[in-house]
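S.K.: The following block contains the structure, expressed as structure tokens.
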Amino acid sequence: MHYQLIELNDTSANIECPFCKQAIIDWAQEQYIQPCEHTLFIAMDLGFEFIADRFEECMDQNVDELHEDPNMNIFEALTTTTYENLIILKSDLGVENLFRYVGVSDR
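In the working numbering, the protein residues as written are 965 to 1071.
Now the structure itself:
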């Protein structure tokens, strides 16, 4: 396994980068997605909200291919990369079996 999964329980809490402490998801902002330099991706089971080029280059399929794939599995696509020191913060979207994933790394 090339990643560490951290499950977050509070669906309404901001999601903070464990490295620089910036709020990557900041619900107080109109533009609530605020990637920092450590952010590799912000995704939901439904698709991507943000992806860094350096992470997409490590994926088996690029984002456009994934979005067109009727059997798309975002979590599998994220966790089959070999990106070093990947931490995935997993948060429930409040809808049954749908999650948001925020990937960060210090590399």
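Every residue gets a Cβ at the ideal spot worked out from N, C-alpha and C, and that includes glycine. Fair warning: this is a prediction, and the values are worked out from it, not measured in the lab.
1. To the nearest angstrom, how far is it from the Cα of Thr1045 to the Cα of Glu1021?
2. Can you round the beta-carbon distance between Thr975 and Leu1053 to whole angstroms, since I take them to be within the 8 Å contact cut?
3. Would you mind giving the Cβ-Cβ distance between Pro982 and Ile1051, rounded to the nearest angstrom? I have them listed as a contact below 8 Å.
4. How should Arg1064 be labelled, buried or exposed, when 16 other C-beta atoms within 10 angstroms of its C-beta is the threshold for buried?
5. With burial defined as no fewer than 16 other Cβ atoms inside 10 Å of the residue's Cβ, what is the status of Leu1062: buried or exposed?
M.R.: In terms of the structure at hand:
1. Between Thr1045 and Glu1021, the C-alpha separation is close to 9 Å.
2. Not quite, the Cβ-Cβ distance comes to about 12 Å (not below 8 Å), so this is no contact.
3. About 6 Å separates the CB atoms of Pro982 and Ile1051; that is less than 8 Å, so the two are in contact.
4. Buried is the call here.
5. It is exposed - the Cβ of Leu1062 has fewer than 16 other Cβ atoms within 10 Å.
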